[in-house]
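Participant: When you line the sequence shown up against mature numbering (1 follows the signal peptide of the UniProt record, and there is no 0), it's residues -23 to -1, 1 to 153, in that order. Glycine is no exception: its CB is placed at the ideal position from the N, C-alpha and C atoms. None of these values were measured; they are calculated from a predicted model.
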Amino acid sequence: MKNSITAVLAAIAILFSVNSITANTIKSQTTAEDILASGELQSVFDNYFAVKDALIKSDAKTTSVKAASLLTAISAVKMDKLKSTEHTVWMKVVKKLTADAKAISSNTDIKKQRETFKSLSKNTYDLIKVSNPDQPIYKQYCPMADADWLSKEKAVKNPYYGSSMLTCGNVVETIK
């Protein structure tokens, strides 16, 4: 009887060990996939921030160039590498992101670029919200422009007015 109980307990212990190893293997695969997925959109986010920085400097030519780089980054995204939540949002915003990046890149009128940046920021926000960024991202709001934008820095630097109203606005959300 003792041998039977010992054998059953040994079998249960082996099953738990195998189950634990399998769970850890699946968890590490999922983590690797999540890292790949977040990296898939990183270029889009980096180029968005470059467009924002050019608008802060009120440099229409650089803004146009940075928006062209953003367009390239958008078209390079491999949808099959995105996490399911990112994929769902990506499908909703990709056409708008592409249209906004095209409009900004093909225009050298800073006022029109800034107007289009409002839509670009809204759609980028929707995407970054589900992507779990590595560092905090600050959603900032300017009441004068009645518009939001995203920033890696907590300090407000307004892309809608540049140096004329550089610090107009406030942080309304921190995305982690």
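Quick one: grab the DSSP three-state call for residue 137.
Facilitator: In this structure, residue 137 counts as coil in the three-state DSSP scheme.
Participant: What is the DSSP secondary structure of residue 132, reduced to helix, strand or coil?
Facilitator: Here residue 132 sits in coil by DSSP.
Participant: So which of 105, 118, 153 has the shortest CA-CA distance to residue 144?
Facilitator: Nearest option by C-alpha distance: 118.
Participant: Any contact between the stretch 50 to 70 and the stretch 88 to 98? By contact I mean 3 or more CB pairs, one from each, below 8 Å.
Facilitator: The stretch 50 to 70 vs the stretch 88 to 98: no contact.
Participant: Under a three-way DSSP split, which group does residue 124 fall into?
Facilitator: Residue state, collapsed to three classes: strand.
Participant: Taking the beta strand (DSSP E) that residue 117 falls in, what are its first and last residues?
Facilitator: Taken as a continuous stretch (DSSP letters only), the beta strand (DSSP E) holding residue 117 covers 114 to 119.
Participant: So which of 126, 25, 20, 82 has the shortest CA-CA distance to residue 99?
Facilitator: Among 126, 25, 20, 82, the Cα nearest to that of residue 99 is on 126.
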